[in-house]
Amino acid sequence: MASLLLPLPARALLHHVPRRQRLLHHPLPLRLVLQPVQCHYLSQRRKASTYTSPHHAAQLSVVQTAVDPSSNAFRDNAAAMAEYMHTLTALHESAAKGGPEKSRQKHVERGKLLVRDRITALVDPGTSFLELSALAGHEMYPGEDVPGGGIVTGIGTVEGVQCMILANDSTVKGGSYYPITIKKHLRAQEIAQQNRLPCVYLVDSGGANLPHQANVFPDRDHFGRFFYNQANMSAQGIPQISVVMGSCTAGGAYVPSMSDESIIVKGQGTIFLAGPPLVKAATGEEVSAEDLGGGKLHSEVSGVTDYLAEDDTHALVLARRSIANLNYPKSPNPARKETFQEPLYDVEELGGIVGTNLKQSINMHEVIARIVDGSEFSEFKPSYGKTLLTGFASIYGHPVGIIANNGILFSESSLKGAHFIQLCCQRHIPLIFLQNISGFMVGQDAEKGGIAKNGAKLVTAVACAQVPKFTVLVGSSAGAGNYGMCGRAYSPNFLWSWPSAKTSVMGAEQLSSVMAAVGKTVDPELKKRIERESEVTFGTARLWDDGVIPPSHTRRVLGMGLQAAMTGSVEKKETKFGVFRM
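Its first residue numbered 142, the sequence shown is counted upward by one per residue in the numbering used here.
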């Protein structure tokens, strides 16, 4: 029966060759060659046949490395990246502390767990927590420090189910909502909805930050959008679970009220539309916070909450029980690890490969080789449109299509990218974009060649693709190249930046050239500001990405993102493209 799987000529040859003569090892690698025999059926066609096995195709796809870790260039790049990482690590450690020491001490004295301790107690032991936008709010509000935007969000596994966790940090300005807090909360809900992740809200907030009320209350993507999202996610079968561990005031009271299940901590959690001072001002009634909206009242009288917890730890145990009872698809079994290989090359070498000087080219083959399973990359159209790399690979066993910049985008590379995206959409294969792009080609020849319409094909394909999309800013992300490579505006499931990444319409030097061409002098302060605004810390503070990651963590982070996007509850969508101008 096995012979039926061979091509017809090979089957015919097989029946005419004695078993002991069929296969002989050939001195060249990857080949097994048959001893030539006389066969009337094949005498006019060929004298020998070459057999291949599955591992031959895999070996053909292995990326060969040319990296020399002992070279001066590598060492210089690695040292520069290490310096960037040192700075970013310090910023992350500072943000992770939350509010000032006095606020943290007061929080603990009240018998409350700090926000990160709450998350640790909630997620399954031994699993990872993928934190999002840890540097949100960094240096955004002059004279005010809002570490992490006053809220911790991320993906964690609870009772085997991947969940989106949104936890207020009341040590930061009482957990009140600044404009960036709103944006971070909404981004977490967007990810949850896009990837169908149950939401767990650990509520401990004083509500909207009133001095910033014009930027947190009335607009579409302000405070009220929280509840719109909750209602719609619940309607779509995406569970909403709330744990009230502190204040839940004014509009914030709707978070537990609109959840599928709500838990409140006795003597600590409170829910009311107006607190005691406002009640007294409005009605003259004097009432304590506990009597007005405490856990006992809402669990026994109003019915706003479903479970009354003794303390934070008990509340988190109840939350885990609620997740266990969701009957929701579990995360893939860890045994899946047996089905893939780690990269052949050290991921720690990525810093030395890329460095921080964006004027130097980046060998994306070397980057890909340290991210994908077995360093296997089946490149698509390798000889056409060479400034864009496209090809198939796997990450932790998940098939992926990779699109990586290898220079500026020309018409050929744009067409190649659009073609490849169509293939991945047809096959329901997630897309990974590795950005290092300064834009599309310009000039008379490029315009005659249709760069506008061909670039538009790539942008259209990216916009319409209904498969999970992931973007990593490896280097530069400039101009329309950001759009063609699935920038933030194109709703990738996740977007992460490396420390060396820069995002801008154009670089400060290009701006100077443009200004000079129109007869204007560039203000040095303007040039300095543009340089500052292109830096990764500026962008991540404003949620232009979902976080800054060390290059060596890229594979692991992409794996967690893929796991979130490819759970059993996510439905495959049909991609429909608009009109391509031919």
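Where is the CB? At the ideal position from N, CA and C, for every residue including glycine.
Could you pull out every unbroken beta strand (DSSP E) segment of at least 3 residues lying fully inside the segment 387 to 446, listed in chain order? Qualifying beta strand (DSSP E) stretches, in chain order: 402 to 406, 411 to 413.
So which of Ala-587, His-363, Glu-402, Asn-336 has the shortest CA-CA distance to Tyr-318? Closest option to Tyr-318, Cα to Cα, is His-363.
Kindly list the residues whose CB is nearer than 6 Å to the CB of Lys-717, restricted to its own chain and excluding five residues on each side of it in sequence; keep chain order. Around Lys-717: no qualifying Cβ.
Taking all protein chains shown into account, decide if His-166 is buried (16 or more other Cβ within 10 angstroms of its Cβ) or exposed. Only weak support is given to the placement of His-166: the predicted model assigns it a pLDDT of 43, under 50, and the value that follows is read from those uncertain coordinates. The residue is exposed, with fewer than 16 neighbouring Cβ atoms inside 10 Å.
Checking the sheet assignment: what are the DSSP bridge partners for Asn-546? Answer by DSSP bridge pairing, in chain order: Leu-529.
Pairing CB atoms from the segment 615 to 622 with CB atoms from the segment 569 to 581, are three or more of them under 8 Å? Inter-segment contact for the segment 615 to 622 and the segment 569 to 581 is present: three or more beta-carbon pairs are separated by less than 8 Å.
What number of angstroms, rounded off, separates the C-alpha of Lys-610 from the C-alpha of Pro-288? Spanning the alpha carbons of Lys-610 and Pro-288 requires a straight line of approximately 29 Å.
Comparing the CB of Gly-239 with every heavy atom of the ligand GTP, is any distance shorter than 8 Å? This structure simply doesn't include the ligand GTP, nor any ligand for that matter.
Among residues of its own chain, excluding the 5 on either side of Asn-504, which ones have a beta-carbon nearer than 6 Å to its beta-carbon? Answer for Asn-504: no residue qualifies.
Whole runs of the beta strand (DSSP E) within the segment 249 to 285, excluding any shorter than 3 residues: Here the runs fully enclosed are 270 to 273.
Inter-residue Cα distance where the pair is Val-385 and Thr-322: Taking the Cα positions, Val-385 is about 18 Å away from Thr-322.
Would DSSP call Ser-555 helix, strand or coil? In this structure, DSSP gives Ser-555 a helical state, which the three-state scheme calls helix.
Tell me whether the beta-carbon of Ser-440 lies closer than 9 Å to the beta-carbon of Asp-401. With respect to Asp-401, Ser-440 sits apart: the two C-beta atoms are not nearer than 9 Å.
Cut-off 7 Å between Cβ atoms - residues of its own chain near Glu-676, not counting five sequence neighbours on either side: Excluding the 5 residues flanking it on each side, Glu-676 has same chain C-beta neighbours closer than 7 Å at Lys-643, in chain order.
Contact under 9 Å by Cβ, Arg-96 with Gln-377: In the structure as shown, the chain starts at 142 and stops at 723, and residue 96 therefore has no counterpart that could be examined.
For the segment 305 to 319 and the segment 197 to 217, state whether three or more C-beta atom pairs, one from each stretch, are separated by less than 8 Å. Flag = no, the segment 305 to 319 and the segment 197 to 217 do not touch.
Between Glu-520 and Val-508, what straight-line distance do the alpha-carbon atoms span, to the nearest angstrom? C-alpha separation (whole angstroms): 14 Å.
What are the boundary residues of the beta strand (DSSP E) that Asp-586 is part of? No beta strand (DSSP E) holds Asp-586; the alpha helix (DSSP H) holding it covers 585 to 589.
Start-end ranges of the alpha helix (DSSP H) lying completely within the segment 687 to 715, minimum 4 residues: For the segment 687 to 715, whole alpha helix (DSSP H) runs of length 4 or above, ordered along the chain, are 695 to 706.
Which residues in the same chain as Gln-335 place their Cβ atom closer than 7 Å to its Cβ, once the five residues preceding and following it in sequence are excluded? Spatial neighbours of Gln-335 in its own chain (CB-CB distance under 7 Å, excluding positions within 5 residues in sequence) are listed in chain order as Asn-634.
N-terminal and C-terminal residue of the alpha helix (DSSP H) that Met-678 is part of: Inspection of the sequence shows that residue 678 is occupied by Thr rather than by Met. Segment 677 to 682, the alpha helix (DSSP H) holding Thr-678.
Using a 10 Å radius around the Cβ and a threshold of 16 neighbouring Cβ atoms, would you call Leu-171 buried or exposed? Caution applies to Leu-171, whose pLDDT of 42 falls short of 50 and renders its modelled position unreliable; the value that the coordinates give is listed next. In the assembly as shown, Leu-171 is an exposed residue. Its beta-carbon has fewer than 16 other beta-carbons within 10 Å.
Helix, strand or coil at His-539 according to DSSP, with G and I counted as helix: His-539 falls in the strand class under three-state DSSP.
Who are the near neighbours of Thr-681 in its chain, counting only those whose CB is closer than 7 Å to its CB and skipping five residues on each side? Contacts found: Ser-274, Leu-276, Ser-638, Gly-688, Val-689.
Count the other CB atoms, across all protein chains shown, that sit within 10 Å of the CB of Pro-571; report buried if there are 16 or more and exposed otherwise. So Pro-571 counts as buried.
When you compare only the Cα positions, how much space is there between Val-293 and Leu-254? When rounded, the distance between both Cα atoms is 14 Å.
The beta strand (DSSP E) spanning Leu-232 covers which residue range? Where Leu-232 is concerned, there is no enclosing beta strand (DSSP E), although the alpha helix (DSSP H) it sits in stretches over 213 to 238.
Cβ neighbours of Glu-427 in the same chain (closer than 6 Å, five flanking residues each side left out): Lys-421.
Below 8 Å CB to CB, which residues in the same chain sit around Asp-95 once its five sequence neighbours on both sides are set aside? The structure shown does not extend to residue 95, since the chain spans only 142 to 723, so no value can be given for it.
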